[in-house]
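**Student:** Here it is, the structure, as structure tokens.
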Amino acid sequence: MPQAGALRRPNPLWTLGLLRSELLTTFRRWRTLALLAVLAAVPILVGIAVKIETGDGSSVGGGGPQGGGGPAFISQITNNGLFLVFTALAATLPFFLPMAIGVIAGDAIAGEANSGTLRYLLVAPAGRTRLLLTKYVTTMTFCLVATLVVAVSALMVGALLFPLGELTTISGTRISFAEGLGRALLIALVVAASLIGVAALGLFVSTLTNSGIAAMATTVGLLITVQILDQIPQLHAIQPYFFSHYWLSFADLMREPVYWDDLVRNLGIQALYAAVFGSAAWARFMAKDITA
């Protein structure tokens, strides 16, 4: 009898194999490659636009070093190409990155059900919990890869079109290029972590339907709705609880000293959304009647 129980126990190596298979399947899809290509193109377009605008010696518009966020970064690109990394992340975070995550997360379960492969995946010994966790880890891996694609593309374009060297922070202090590069990597990691709530939300929506397109459209629609609500002054009392409210707080990493308050609030909100919608996705998926 113990031997029979041992046979039913999922093999950790099988679980790693499932994760590897999910990662390969996700990153080999033309849809995934197209999303990454679009994200990589954003820094190229921004860099070229800034280069053309400043080609006659004029300065690009948008706030001084005390402004914070995207406009303050874009005004510094001509002085140091590394600022293109911060500008590109600020430009893609409100829409392009969350939309890409919403597409991948929304299709995670619903896409399998729509294609008729979900029932066969559940025949394997991993079970529903491990399959759902594998889907979430795959989505989070895409979050990290997508963010790094934007950052690396921006760094390459910035180095090609603009000078590199010491940086002037938003606070007006000077830091070395190596330290600035380290902060750029930290900012990219923070941006990726800022999307864990969206990933959990998309996964939950994906468990509610058998249509991948419907799940993706619903997730992206919710993203747009929340960001519209975040801009309405009359809703200021509840806006700090929106997952997108503190997204641009990563700019505080370019202050000296670093302002941690909004960064911590952002990561806390993302963890809360991940816990709530991750639990909801698990509860729904465990009770879901798999017919496809």
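Going left to right, the sequence shown walks through residues 1314 to 1605 as the working numbering numbers them.
Where is the CB? At the ideal position from N, CA and C, for every residue including glycine.
How long is the line joining the alpha carbons of Thr1515 and Phe1598, rounded to whole angstroms?
**Tutor:** Reading the sequence as shown, one finds Gly at residue 1515 and not Thr. Approximately 13 Å between the Cα atoms of the pair.
**Student:** Going along the chain, which residues of its own chain have a beta-carbon closer than 6 Å to the beta-carbon of Ala1448, five neighbours each way excluded?
**Tutor:** The sequence given here places Lys at residue 1448; Ala does not occur at that position. Correct list, in chain order: Ala1421.
**Student:** Determine, using beta-carbon pairs with one atom in the region 1554 to 1563 and one in the region 1529 to 1543, whether at least three such pairs fall under 8 Å.
**Tutor:** Judged by Cβ distances under 8 Å, the region 1554 to 1563 makes contact with the region 1529 to 1543, as three or more pairs qualify.
**Student:** Check whether the Cβ of Ala1467 lies closer than 7 Å to any heavy atom of the ligand COA, and answer yes or no.
**Tutor:** Inclusion of the ligand COA in the displayed structure is not the case, the ligand content being empty and no account of it being possible.
**Student:** Tell me the rounded alpha-carbon separation between Pro1411 and Met1529.
**Tutor:** Roughly 11 Å separates the two Cα atoms.
**Student:** Spell out a yes or no on whether the region 1401 to 1416 and the region 1477 to 1484 are touching, meaning 3 or more CB-CB pairs, one atom from each, closer than 8 Å.
**Tutor:** no
**Student:** Secondary structure at Pro1480, three-state DSSP: helix, strand or coil?
**Tutor:** A quick correction: the sequence has Leu, not Pro, at residue 1480. Strand.
**Student:** Nearest to Glu1366 by alpha carbon, out of Leu1498, Ile1390, Thr1345?
**Tutor:** Measuring from the Cα of Glu1366, the nearest candidate turns out to be Ile1390.
**Student:** Is Arg1344 helix, strand or coil by DSSP?
**Tutor:** helix
**Student:** Are there 16 or more other CB atoms within 10 angstroms of the CB of Ala1596, so buried, or fewer, so exposed?
**Tutor:** exposed
**Student:** Could you spell out where the alpha helix (DSSP H) holding Thr1442 opens and where it closes?
**Tutor:** 1440 to 1474
**Student:** If you run the structure through DSSP and keep just helix, strand and coil, what is Arg1568?
**Tutor:** coil
**Student:** Which residues in the same chain have their Cβ closer than 6 Å to the Cβ of Leu1348, if we skip the five residues on either side of it in sequence?
**Tutor:** Ala1413
**Student:** By a C-beta neighbour count over all protein chains shown, 10 Å radius and 16 as the cutoff for buried, is Asp1574 buried or exposed?
**Tutor:** exposed
**Student:** Under three-state DSSP, which class holds Gly1383?
**Tutor:** In this prediction, Gly1383 scores a pLDDT of 47, lower than 50, which makes its location untrustworthy; no coordinate-derived value is stated.
**Student:** If you scan the region 1515 to 1565 from start to end, which runs of the alpha helix (DSSP H) of 4 or more residues do you find wholly inside it?
**Tutor:** Correct list: 1525 to 1542.
**Student:** Helix, strand or coil, according to DSSP, for Ile1488 in the structure here?
**Tutor:** strand
**Student:** If we ignore side chains and look at the alpha-carbon of each, how far apart do Ser1562 and Val1351 end up?
**Tutor:** 24 Å
**Student:** With three or more beta-carbon pairs closer than 8 Å as the criterion, would you say the region 1498 to 1510 touches the region 1455 to 1470?
**Tutor:** yes
**Student:** Who are the Cβ neighbours of Gly1424 in its own chain at under 7 Å, not counting the five residues just before and after it?
**Tutor:** Gly1525
**Student:** Note down the Cα distance separating Gly1493 from Ser1519, rounded to an integer number of angstroms.
**Tutor:** 39 Å
**Student:** Just to confirm before moving on: does the CB-CB distance between Ala1404 and Val1359 stay below 8 Å?
**Tutor:** yes
**Student:** Given a cut-off of 8 Å on the beta-carbon distance, is the pair Val1571 and Leu1536 in contact?
**Tutor:** no
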